[in-house]
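According to the working numbering, the sequence shown is numbered sequentially starting from 5. What follows is a single structure, written as structure tokens, with notes after it.
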Amino acid sequence: MKNDYRQKLHFEPKSGWINDPNGLCFFRGAYHVYYQYSPDSALGEGRKCWGHMESPDLIHWRVTGIVLFPDSPDDRDGVFSGSGLVKDDRLYLFYTGNVMEEGEHDYTTSGRGANVILVTTEDGRKMSGKKTLLRNCDYPDDCSCHVRDPKVWEENGRYFMVLGARTLDGRGCVLKYVSEDMEHWEYFGRYFCEDMGYMWECPDEFTLGGHRFLSVSPQGLAHGKYTAQNVYSSGYFDIDGGVPAGFEEWDKGFDFYAPQTFAAPDGRRILIGWEGIGDIPYSNPTVKLGRQHCLTLPRELSLSEDGKLRQLPVRELEKLRKQSTPVKSGDSVGTRLPFELEGSICDGFSAEIGGVLRLDYRGDEFSLEFLSESAGGGRTVRYALIKDCRDIRMIADTSSAEIYLGGGRAVMSARMYPDDTEVTLSVSGYDGRLYQLDGMEIVFDK
């Protein structure tokens with residue numbers, strides 16, 4: 005069947021541009037996902053809004069539409085990213101209101117207003133009036149106009165907020181604030197690490213397994229064969245010692261940025277990211293169809309024995325599995341997108357989705373390589389170093405793939421564009437199963 009690239013598992017808008025996930029939470033019996041959304045253009049031009057969707061189970065989704073517009077003086081040029089906090093049966097949403105002043109400005113040292121704004125909601129959809137909490141004058145004197153993406157949480161009876169920032173001398177950092185009431189905030193300190201780019205976006209501080217982590221999306225890292233391969237990167241630090249240490253990338257693929265985590269009702273820490281990046285040197289053919297980008301699958305985080313975080317698709321997705329076929333080394337089988345591949349591998353593993361994508365694992369190096377210009381939209385190859393990898397789990401949608409290696413020790417995500425949803429899968433050095441997958445139920449209110 006000819007592929008229209010409309011996905012079955014990964015959320016994407018009917019039209020327009022989607023990027024950062026925002027306000028992730030479980031509230032009043034449902035998971036809520038807000039997302040930065042430009043409804044006027046598949047290139048991200050025009051209004052910068054927040055869209056919203058909700059689900060009781062991470063499988064059945066209702067998309068309620070745009071819930072926040074850039075319609076006030078303090079967010080007139082964009083409702084930028086932020087977070088949500090549930091308190092006393094009310095959801096508090098914090099975001100950055102972007103303001104671009106007229107005149108001769110570089111919009112880094114002058115001309116840009118970065119306002120932290122609060123709204124509340126009792127149902128996740130209807131919003132209160134907007135209240136501005138912080139402005140540029142409330143940030144440290146050495147900060148540029150690039151301060152954004154508040155993540156707020158409650159801890160030991162107080163509220164904390166982290167904000168991504170860029171200093172006037174071009175260093176990325178995270179600002180931290182504290183409050184007794186979620187409205188009046190005082191500067192608490194900052195996180196900083198040498199040689200880690202000029203801007204840190206989308207910060208997220210959280211604990212898991214008794215350890216504390218700081219997730220950031222740094223811009224301006226030095227690129228290497230195995231590290232920071234994309235134009236911008238996303239990863240996390242261990243901050244148990246109060247100072248960021250041991251930066252680890254969340255995803256080694258082509259398309260991943262701006263992740264955010266939240267706590268599920270059962271205590272799981274769940275991550276959702278943007279399966280896309282800004283300023284990419286490759287393209288997405290969906291632009292011609294009036295839409296661009298999607299969100300990743302929800303991922304469960306866990307702590308490994310070495311103190312690193314692991315990621316796997318949330319267990320709810322296993323309910324989408326249909327018929328199962330055993331697949332072993334040397335097999336070549338026809339299948340339909342979306343599908344899931346799960347099994348054991350060895351040094352010498354390879355898999356190919358006919359004419360589209362090739363995976364290889366040899367000598368601790370895993371590679372994801374596109375086989376044609378059209379299949380990858382200009383994407384070429386990405387690498388991950390992972391020692392003693394013995395298992396793989398791959399979920400392939402109609403126009404994207406997420407590959408989980410070594411029990412989630414490494415992940416590689418990429419958009420892909422096969423001409424057809426009927427594909428041939430060939431493997432070697434593999435023993436496992438192939439599952440056909442049902443799609444998620446995604447209903448748009450409007």
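Every residue, glycine too, gets a C-beta built ideally from N, C-alpha and C.
A check of alpha carbon separations from Asp259 across Phe251, Gly282, Gly359, Pro269 identifies Gly282 as the nearest.
Counted as a single uninterrupted DSSP element, the alpha helix (DSSP H) harbouring Ser378 occupies residues 377 to 380.
According to the DSSP secondary-structure assignment, Leu293 is paired through a beta bridge with no residue.
The three-state secondary structure of Glu320, taken from DSSP, is helix. Assignment of Cys197 by DSSP, reduced to helix, strand and coil, places it in the coil class. According to the DSSP assignment, Leu441 belongs to the beta strand (DSSP E) that extends over 426 to 441.
Going by DSSP, Leu363 is part of the beta strand (DSSP E) stretching over 361 to 366. Comparing C-alpha distances from Ser183 to each of Arg194, Tyr163, Gly367 shows the shortest one belongs to Tyr163. Per DSSP, reduced to three states, the secondary structure at Cys393 is coil, with no helix or strand assignment. Under the 8 Å Cβ criterion, the stretch 34 to 43 counts as touching the stretch 51 to 65, having at least three qualifying pairs. Only exposed fits Glu377, as fewer than 16 other CB atoms lie within 10 angstroms of its CB. Taking a C-beta distance under 8 Å as the contact criterion, Ala379 and Ser430 do not qualify as a contact pair. Of all C-beta pairs linking the stretch 66 to 86 to the stretch 324 to 337, fewer than three are shorter than 8 Å, placing the two stretches out of contact. Counted as a single uninterrupted DSSP element, the beta strand (DSSP E) harbouring Leu122 occupies residues 116 to 125. When DSSP states are grouped into helix, strand and coil, Asn140 belongs to the helix group.
Excluding the 5 residues flanking it on each side, Pro302 has same chain C-beta neighbours closer than 6 Å at Leu62, Ile274, Ile276, Val318, in chain order.
Within the stretch 191 to 278, there are no complete alpha helix (DSSP H) runs of at least 4 residues.
In chain order, Tyr41, Pro43, Cys53, Trp54, Gly55, His56 place their CB closer than 8 Å to the CB of Ile70, counting only its own chain and leaving out the 5 sequence neighbours on each side. Boundaries of the beta strand (DSSP E) around Met104: 94 to 104.
Under the three-state reduction of DSSP output, Ser348 falls in the strand class. Counting the other CB atoms within 10 Å of its CB gives Tyr230 a total below 16, which places it among the exposed residues.
Residue environment analysis places Asn119 among the buried positions, since at least 16 neighbouring C-beta atoms fall within 10 angstroms of its C-beta. Taking a C-beta distance under 8 Å as the contact criterion, Leu28 and Gln264 qualify as a contact pair.
Around Leu212, the same chain offers Arg273, Leu305, Ser306, Leu307, Leu313 as residues with beta carbons nearer than 8 Å, after the five sequence neighbours per side are excluded.
Here DSSP, grouped into helix, strand and coil, assigns Asn288 to coil. Beta-carbon to beta-carbon, Val235 and Ile284 are separated by about 6 Å, close enough to satisfy the 8 Å threshold. The shortest CA-to-CA distance from Glu126 to any of Trp21, Lys91, Asp423 is the one to Lys91. By the criterion of at least three beta-carbon pairs nearer than 8 Å, the stretch 416 to 433 is in contact with the stretch 378 to 396.
Distance from the Cα of Gly20 is smallest, within the candidate group Gln296, Met203, Thr171, for Gln296.
Here Pro154 is buried. Its C-beta has 16 or more other C-beta atoms within 10 Å.
Around the beta carbon of His36, 16 or more other beta carbons lie within 10 angstroms, which makes this residue buried. In this chain, the beta strand (DSSP E) harbouring Asp153 covers 147 to 159. Ile281 is not bridged by DSSP to any residue. With a contact defined as Cβ atoms closer than 8 Å, Thr339 and Gln440 qualify at about 7 Å.
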